Structure formats: structure tokens, C-alpha cells
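Q: I am attaching a structure below and will ask some questions about it afterwards.
Number of protein chains: 2
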Amino acid sequence: MMLSDVMEDYLKAIYQLQRGDDERVKTSAIAEELDVTSPTVTSMLEKLEDRSLIDREKYRGVTLTEEGETVALEVVRHHRLLEAYLTEHLDYDWSEVHEEADRLEHHISENFEARVAAALDEPEVDPHGSPIPSPDLEPPNTAVGNPISECGEGDTVIVKEVADHDPEILSYLADHGLEPGVELEVLEVAPFGMVTASARGSDTQVSLPEDVARHIRVALPAEAE
Amino acid sequence: MMLSDVMEDYLKAIYQLQRGDDERVKTSAIAEELDVTSPTVTSMLEKLEDRSLIDREKYRGVTLTEEGETVALEVVRHHRLLEAYLTEHLDYDWSEVHEEADRLEHHISENFEARVAAALDEPEVDPHGSPIPSPDLEPPNTAVGNPISECGEGDTVIVKEVADHDPEILSYLADHGLEPGVELEVLEVAPFGMVTASARGSDTQVSLPEDVARHIRVALPAEAE
DNA sequence: AGGCAAATTTAGCCCTATCTAACCCTAAAT
DNA sequence: ATTTAGGGTTAGATAGGGCTAAATTTGCCT
Ligand SMILES: [Mn+2]
Ligand SMILES: [Mn+2]
Ligand SMILES: [Mn+2]
Ligand SMILES: [Mn+2]
């Protein structure tokens with residue numbers, strides 16, 4: 001099946017927006033994610049449905065079919081392998097990789113994918129700590145760790161994943177020592193979702209508004225593998 | 001100026017087909033190079049002319065403007081840097097690189113280009129011996145060496161460039177020791193353009209039909225830098 | 001000069017991906 | 001049971017890239 005890069009982006013967006021297993025993803029959510037208008041999304045959803053890549057209930061949203069999920073996982077694998085390769089071998093900073101990978105993910109061959117994976121020794125996570133789907137594209141188990149906003153005050157935790165895409169925010173976080181693998185002390189969790197924490201070894205502390213904190217997942221040292 | 005990847009391919013094709021400096025490239029030549037029909041070429045040429053990327057005399061062909069040439073050189077630089085990187089760092093064989101580079105050339109950022117060039121230490125030629133345009137995109141001087149078909153029988157020469165794109169032919173040539181840098185003895189130049197030669201150190205000889213030989217450029221050892 | 005074959009352009013159509021404007025559904029509130 | 005706000009879908013337009021079939025132009029040959 002020949003899919004355009006745009007179709008691949010839609011499937012990837014649906015994959016990433018689909019939280020629960022039968023939770024339907026809404027037109028407006030896709031429109032916002034991909035920065036297009038909702039009629040544009042509707043017409044694309046019709047095409048994806050024609051190709052059996054999604055199940056659709058008009059007016060109520062879509063879910064990926066198994067085939068659609070496989071395509072999405074393929075694109076995500078490309079994306080995350082590229083992010084890892086760019087940081088490991090081409091001197092990219094983790095704040096720069098997303099944009100580059102977001103274009104290249106649609107244009108590399110299976111051969112390229114395999115060589116990159118080999119050069120990285122089959123990595124399991126990308127520079128943000130997000131899991132890289134395996135070559136067989138089986139749906140990976142759910143993410144490791146929990147959102148940092150669910151921590152209690154005073155908890156000491158290990159950062160597992162920083163799934164933000166904004167270069168400015170990522171640079172800011174790195175400047176404050178907040179990267180995967182770092183040990184963190186949670187100082188305050190405000191009722192409106194703001195989290196204040198301090199990286200182990202640094203005196204400075206960071207305050208993270210809810211929409212930033214949402215993308216940070218952590219685990220208790222005990223749970224840390 | 002936002003150019004589509006298809007437009008970039010047209011400009012690159014015109015660049016590579018334009019032998020002399022004011023030699024006009026014909027519709028049919030572009031059509032054949034890009035594997036599209038001539039009406040398709042005509043309509044694209046109109047668009048490129050609108051954007052001042054080519055000069056066009058209806059029914060008589062086109063030439064690149066300075067601006068168009070710069071775009072073409074940019075694409076060629078991307079292409080050849082990618083070919084070099086894929087062979088040097090990702091274990092590609094020179095017979096495989098063309099297809100991959102031909103897609104990726106349109107999708108890498110200037111940042112990616114710079115990192116790849118740095119990783120390769122600013123290379124001057126790609127794996128086929130073709131010159132990589134410099135970062136400032138000044139038109140490079142003409143190719144080194146001369147077509148092997150212009151050799152005399154008995155000449156001993158150094159292979160400078162093997163500008164073929166066909167993977168099968170490239171594998172065949174490599175199997176017979178015919179690669180850039182190799183010393184070659186020209187055994188026979190037949191009147192219909194077929195060249196027979198033997199790589200230094202190998203007993204076997206290769207016979208190259210005219211359309212293969214045309215892409216191979218060589219220099220006398222004296223001229224060799 | 002006239003005629004003809006080959007190359008090129010024009011005309012008219014298709015498909016994708018996007019938009020805006022207009023219309024329609026759903027679900028929650030009255 | 002209505003209303004209504006907030007999506008979602010339909011309709012119609014535009015722009016890019018492509019094709020086939022039908023004109024045109026060129027350039028060469030007689
Ligand atoms: Mn993408
Ligand atoms: Mn793949
Ligand atoms: Mn190309
Ligand atoms: Mn460039």
C-alpha cells in the first residue's frame with residue numbers, strides 16, 4: 001500500500017492522540033495536532049477509512065485499525081530512531097532533533113532504517129526517553145513511569161521521559177538539569193497542576209506549568225530498572 | 001522561495017543535461033531523464049520560468065538562470081554529500097546510495113547538510129568521484145579527467161569518476177576492480193565506442209559498451225594530482 | 001518553395017491536499 | 001421537548017503534478 005507522507009502524519013497523530021484502546025480520536029484534536037482545518041481532516045479521514053486504516057463513526061471520532069496502527073508504529077519507529085541517530089552521531093542537541101526527524105521519517109528506506117538501528121545497536125529509547133517500537137512493530141507496552149504531576153511533595157524520582165517537542169522548552173529543561181535519567185526531588189505540586197522540582201546536584205529549581213509537566217514521566221528509584 | 005521537491009528535480013535534471021553554457025536543454029531530454037511525458041515537462045517549465053529559475057525560448061529549450069543554477073547546485077550538493085555519508089558512515093555500498101540520496105536530497109535541512117559535511121571533513125568528491133559543490137554554491141569547474149572512450153589503446157590511466165547510477169552496473173564494475181582511484185590499462189577502443197580495459201593487479205578484463213563507458217572519466221597518471 | 005516527420009505546446013481531464021463558507025449533528029441545558 | 005453552542009461535514013475553490021489526444025511549430029529533405 002502506497003501512502004503519502006501526509007497520510008502517514010495523520011496516522012501517527014491519531015496513534016499519539018488515542019489514549020485508551022477504544023477511545024475515539026476527534027476531528028478537532030487531529031486538526032490541532034497537525035495544524036490544519038477540520039474540513040481538511042474530515043476529508044482525509046474518509047480516505048483513510050476507504051483504505052481500512054481507521055474505523056470511523058461519523059461525528060464521533062476514529063480509532064486505528066490494526067493495519068493503521070502498524071503504519072503508525074512504523075512512522076514512530078523511524079522518527080525515534082532518527083532522533084537517536086541525530087543526537088548520537090551527528091552532534092544534534094535533543095532540542096533540535098524533532099523537526100528534522102518529523103520530515104525525514106517519511107523518506108527513509110527500510111534499508112536506511114536498518115543501518116541506523118545497527119549503528120545505534122538497536123536502541124530501545126530515543127533521546128527524550130520515549131520507547132522506540134521494535135522492528136516487528138508489535139504495539140509496545142505502555143510508557144514507563146507516571147506523569148510527574150502525580151507525585152507527592154517530597155518524593156525523589158528518576159526522570160524517565162521528557163516527551164516535549166518545543167525546542168525552547170527542551171533547552172530550558174536541559175539548562176536546569178532536567179533530562180532522562182536524572183534524579184529529581186519534587187518540591188511542590190500546586191492544585192492547578194504546576195510542579196516545582198529540583199535536579200539532584202543542582203541547587204536551582206524549576207517550576208513546570210501543567211502543560212509542560214504533563215509531558216514528563218518519572219518513576220520511583222525502587223521501580224527504576 | 002518555496003520550491004517543491006519535484007521542481008528541485010527538474011532544476012537538477014536541467015543542470016545535469018546542460019552541457020555547454022548557453023546550450024539549451026530540450027523538453028524531450030528532461031522528459032526522458034525524469035520519466036514523465038513531454039506535456040508534463042512543458043507545464044513545469046512554464047512554472048519555473050514564471051519564477052525566473054530558467055530562461056525559455058518556446059519550442060527551442062531552456063537554460064538555467066543564475067538563481068536556478070544555485071538551486072540545482074544546492075540539490076546536487078545535498079545528493080553527493082548524502083552519497084558520501086551513506087558509504088562512509090552507514091555501510092552502504094556505492095551501488096545502493098543513489099536511490100536513497102535521490103529522495104533525501106529534498107528533505108534535509110541546512111543544519112543536517114552542515115553536520116554531514118563536518119562528519120565527513122568537507123569532502124570534495126562523492127563515492128563515484130563526482131565533485132561535491134562547495135557550501136557557497138559557486139559553479140564548480142568542469143569535471144576532472146576525460147571520457148575513457150577518448151583514450152588510445154595501450155594507455156595506462158587513473159579512474160577519476162564513475163558517474164553511473166544503475167546499481168547492477170556499479171556492482172559489476174566494482175567486481176571487476178573498476179572504481180575511482182584505480183589504475184587501468186586500456187586494451188581496445190572499438191569504433192562503435194566499446195572500450196575494453198583491465199584494472200591494475202587483476203588479470204580479468206572488462207568490456208564497456210558505449211553508454212557505460214560514457215560515464216567513466218579517467219586521467220593520465222601524469223595529470224593525476 | 002513545398003511538404004513532412006518529429007518535437008513541442010495546447011486543451012482538457014484526473015487526483016491529492018488544502019482552504020473558506022455554509023450547513024448539519026450531538027449533547028447538554030433549560 | 002426545545003434550544004443552542006460547539007463541533008463535524010458538505011460544497012466549492014485553488015494549486016501542484018500528472019496524463020492523453022489534438023493542435024502547432026520547426027527543421028530538414030526534396
Ligand atoms: Mn512527519
Ligand atoms: Mn521502516
Ligand atoms: Mn531527487
Ligand atoms: Mn543545503
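In the order they appear, the protein sequences are chains A and B. So in the UniProt record's numbering, spot 53 of the first sequence is number 53, and the numbers just go up one at a time. So in the UniProt record's numbering, spot 109 of the second sequence is number 109, and the numbers just go up one at a time. All C-beta atoms in this analysis are idealised placements derived from N, C-alpha and C, irrespective of residue type, glycine included. Given the structure is predicted, the values throughout are model-derived calculations rather than measurements.
(1) Taking its Cβ as the centre, do 16 or more other Cβ atoms sit within 10 Å of residue 227 of chain A, making it buried, or is it exposed?
(2) Count the CB pairs spanning the region 203 to 214 of chain B and the region 168 to 177 of chain B that are closer than 8 Å, and state whether there are at least three.
(3) Sort B:Y10, B:S130, B:D136, B:E150 by Cα distance to T142 of chain B and report the nearest one.
(4) By Cβ distance, which residues of its chain are closer than 7 Å to S52 of chain B, with the 5 residues on each side in sequence left out?
(5) Under three-state DSSP, which class holds E225 of chain A?
(6) Would you say the region 102 to 119 of chain B touches the region 71 to 89 of chain B, given that touching needs at least three Cβ pairs under 8 Å?
(7) Is DSSP giving S43 of chain B helix, strand or coil here?
(8) What are the start and end residues of the beta strand (DSSP E) that includes L184 of chain B?
(9) Is it buried or exposed for L184 of chain A, if we count other Cβ within 10 angstroms and need 16 for buried?
(10) From which residue to which residue does the beta strand (DSSP E) around L64 of chain A run?
(11) Quick one: what does DSSP say T37 of chain A is sitting in, helix, strand or coil?
(12) Would you call P133 of chain A buried or exposed, if buried means 16 or more other Cβ atoms sit within 10 Å of its Cβ?
(13) By alpha-carbon positions, which one of A:D164, A:G201, A:S198, A:S43 ends up nearest to A213 of chain A?
(14) Any beta carbon of chain A sitting closer than 8 Å to that of S202 of chain B?
(15) How is S109 of chain B classed by DSSP in three states: helix, strand or coil?
(16) Taking 8 Å as the threshold, find out whether the region 136 to 154 of chain A comes into contact with the region 111 to 120 of chain A through three or more Cβ pairs.
(17) Comparing the C-beta of A224 of chain A with each C-beta of chain B, is any distance below 8 Å?
(18) Compare the C-beta of R103 of chain A with all C-beta atoms of chain B and state if any pair is closer than 8 Å.
(19) Helix, strand or coil for D55 of chain A? Go by DSSP, reduced to three states.
(20) Among residues of its own chain, excluding the 5 on either side of E88 of chain A, which ones have a beta-carbon nearer than 7 Å to its beta-carbon?
(21) Just checking: is the beta-carbon of E8 of chain A within a distance shorter than 8 Å of some beta-carbon in chain B?
(22) Hey, out of A:P167, A:H176, A:P180, whose CA is closest to E161 of chain A's CA?
(23) Please list, in chain order, the residues of the region 105 to 122 of chain B that have any C-beta partner in chain A closer than 9 Å.
(24) Spatial neighbours of T40 of chain A within its chain, please: CB distance less than 8 Å, with the 5 preceding and 5 following residues excluded, ordered by chain position.
(25) Looking at G61 of chain A: is its Cβ nearer than 8 Å to the Cβ of R19 of chain A?
(26) Would you please verify whether the beta carbon of E153 of chain B is less than 8 Å from any beta carbon of chain A?
(27) Are A219 of chain A and G145 of chain A touching if we call contact CB-CB under 8 Å?
(28) Going along the chain, which residues of the region 169 to 194 of chain A sit with their C-beta nearer than 9 Å to a C-beta in chain B?
(29) Taking E161 of chain A as part of the alpha helix (DSSP H), name the residues at either end of that continuous run.
(30) Quick one: residues in its chain with C-beta nearer than 7 Å to the C-beta of V125 of chain A, no 5 flanking neighbours on either side, listed in chain order?
(31) Tell me the residue span of the beta strand (DSSP E) that contains S171 of chain B.
(32) Pick helix, strand or coil for Q16 of chain B, following the three-state DSSP scheme.
(33) When the Cα atoms are used, what is the spatial distance from V195 of chain B to K12 of chain A?
(34) Determine the closest residue to D21 of chain B out of B:E188, B:Y92, B:L86, B:D55, with distance taken between C-alpha atoms.
(35) Could you tell me which residues DSSP puts in a beta bridge with I216 of chain B?
(36) Closest to E96 of chain B by C-alpha separation, out of B:D166, B:V75, B:D9, B:T27, would be which residue?
A: According to the data block:
(1) The shown model of chain A, from 1 to 225, leaves out residue 227 of chain A, and the question about it has no answer.
(2) yes
(3) Indexing the second sequence from 1 puts residue 142 of chain B at position 142. With distances taken between Cα atoms, T142 of chain B lies closest to B:S130.
(4) Position 52 of the second sequence, counted from the first residue, corresponds to residue 52 of chain B. Once the five neighbours on either side are set aside, the close Cβ partners of S52 of chain B are T65, E67.
(5) As a working mapping, residue 225 of chain A is identified with position 225 in the first sequence. The predicted position of E225 of chain A is uncertain, since its pLDDT is 46 and thus under 50; a value taken from the coordinates is nonetheless stated next. E225 of chain A falls in the coil class under three-state DSSP.
(6) yes
(7) On the second sequence, residue 43 of chain B is found 43 positions in, with the first residue counted as 1. S43 of chain B: helix per DSSP, three-state reduction.
(8) Counting from one through the second sequence, the residue named residue 184 of chain B turns up at place 184. Per DSSP, L184 of chain B belongs to the beta strand (DSSP E) from 183 to 189.
(9) In the first sequence, residue 184 of chain A corresponds to position 184, counting from 1. Answer is buried; the Cβ neighbour count reaches 16.
(10) For the purposes of this step, residue 64 of chain A is taken as residue 64 along the first sequence, with counting starting at 1. From DSSP, the beta strand (DSSP E) with L64 of chain A extends over 61 to 64.
(11) Here residue 37 of chain A refers to the residue found at position 37 when the first sequence is read from its first residue. Note: T37 of chain A maps to coil in three-state DSSP.
(12) In the first sequence, counting from the first residue as 1, residue 133 of chain A sits at position 133. Answer is buried; the Cβ neighbour count reaches 16.
(13) As a working note, residue 213 of chain A is residue 213 in the first sequence. With distances taken between Cα atoms, A213 of chain A lies closest to A:D164.
(14) For the purposes of this step, residue 202 of chain B is identified with residue 202 of the second sequence, where counting begins at 1. It does not; no Cβ of chain A falls within 8 Å.
(15) Against the second sequence, residue 109 of chain B aligns to sequence position 109. Looking at S109 of chain B - three-state DSSP - the assignment turns out to be coil, as it is neither helix nor strand.
(16) no
(17) As a first step, residue 224 of chain A is located in the first sequence; it is residue number 224 there, counting from the start. Here A224 of chain A scores only 42 on pLDDT, less than 50, and its place in the model should not be relied on; the value that follows carries that caveat. No, A224 of chain A lies away from the interface with chain B (no Cβ there is under 8 Å from its Cβ).
(18) Taking the first sequence and counting its residues from 1, one reaches residue 103 of chain A at position 103. So yes, R103 of chain A belongs to the interface.
(19) Here residue 55 of chain A refers to the residue found at position 55 of the first sequence. The answer is strand: DSSP assigns D55 of chain A an E or B state.
(20) As a first step, residue 88 of chain A is located in the first sequence; it is residue number 88 there, counting from the start. So the list reads L120, once near-sequence residues are dropped.
(21) Along the first sequence, read from residue 1 onward, the residue named residue 8 of chain A stands at position 8. It does not; no Cβ of chain B falls within 8 Å.
(22) In the first sequence, counting from the first residue as 1, residue 161 of chain A sits at position 161. Ranking A:P167, A:H176, A:P180 by Cα distance to E161 of chain A puts A:P180 first.
(23) H106, H107, I108, S109, N111, F112, R115, V116, A118, A119
(24) For the purposes of this step, residue 40 of chain A is identified with residue 40 of the first sequence, where counting begins at 1. The residues are A31.
(25) Numbered from 1 along the first sequence, position 61 holds the residue referred to as residue 61 of chain A. Numbered from 1 along the first sequence, position 19 holds the residue referred to as residue 19 of chain A. No, they are not a contact pair.
(26) Position 153 of the second sequence, counted from the first residue, corresponds to residue 153 of chain B. No, E153 of chain B does not count as interfacial toward chain A.
(27) Position 219 of the first sequence, counted from the start, is the residue given in the question as residue 219 of chain A. Position 145 of the first sequence, counted from the start, is the residue given in the question as residue 145 of chain A. It is a contact, given that the beta carbons lie within the stated cut-off.
(28) none
(29) Indexing the first sequence from 1 puts residue 161 of chain A at position 161. Note, E161 of chain A: premise wrong, no alpha helix (DSSP H); beta strand (DSSP E) at 156 to 162.
(30) If you number the first sequence from 1, residue 125 of chain A lands on position 125. Result list for V125 of chain A: P131, I132, in chain order.
(31) Within the second sequence, residue 171 of chain B is the residue found at index 171, counting from 1. Per DSSP, S171 of chain B belongs to no beta strand (DSSP E); it is in the alpha helix (DSSP H), 167 to 175.
(32) The count along the second sequence starts at 1 and reaches residue 16 of chain B at position 16. Helix at Q16 of chain B.
(33) As a first step, residue 195 of chain B must be located in the second sequence, where it is residue number 195. As a first step, residue 12 of chain A must be located in the first sequence, where it is residue number 12. Taking the straight line from one Cα to the other gives about 53 Å.
(34) Here residue 21 of chain B corresponds to residue number 21 of the second sequence, with the count starting at 1. With distances taken between Cα atoms, D21 of chain B lies closest to B:D55.
(35) The sequence position of residue 216 of chain B within the second sequence is 216, counting from 1. The partner list for I216 of chain B (beta bridge, DSSP) reads B:V162.
(36) Within the second sequence, residue 96 of chain B is the residue found at index 96, counting from 1. Among B:D166, B:V75, B:D9, B:T27, the Cα nearest to that of E96 of chain B is on B:D166.
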